[in-house]
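Participant:
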Amino acid sequence: MVTLVEQMLELHKRVHAADSQADRELYQRQIDATDKQIDALVYELYALMEEEIQVVEGK
Numbered sequence: 012m013v014t015l016v017e018q019m020l021e022l023h024k025r026v027h028a029a030d031s032q033a034d035r036e037l038y039q040r041q042i043d044a045t046d047k048q049i050d051a052l053v054y055e056l057y058a059l060m061e062e063e064i065q066v067v068e069g070k
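Under the working numbering, the final residue of the sequence shown carries the number 70; numbering is consecutive throughout.
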């Protein structure tokens with residue numbers, strides 16, 4: 012979890028410092044993927060059921 016959070020912080024730095032739109036889009040996709048990984052770990056940590064996950068995600 013800590014590694015993913017550190018990765019997320021680094022990606023946010025990179026997306027803001029990116030010179031091109033293509034780089035920003037790449038970093039944003041990596042941010043989105045990392046965010047999903049963090050979410051999955053949190054759901055597992057709290058042993059959330061699918062219905063609870065849907066509530067958390069606003070679905």
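By construction, the Cβ of each residue, glycine as well, lies at the ideal position given by its N, Cα and C atoms.
#1: Leaving aside the five residues before and after Gln18 along the sequence, list all residues of the same chain whose C-beta is less than 6 Å from its C-beta, in chain order.
#2: Identify the continuous alpha helix (DSSP H) that holds Met19 and give its terminal residues.
#3: Please classify Leu52: is it buried, with 16 or more other beta-carbons within 10 angstroms of its beta-carbon, or exposed?
#4: Short of 6 Å in beta carbon distance, which residues of its chain neighbour Ile49, apart from the five on each side in sequence? Order them along the chain.
#5: Just how far apart, CA to CA, sit Ala58 and Ile64?
Facilitator: For this structure:
#1: Same-chain partners within the cutoff: Thr45.
#2: 13–28
#3: exposed
#4: Hits under 6 Å: Leu15.
#5: 10 Å
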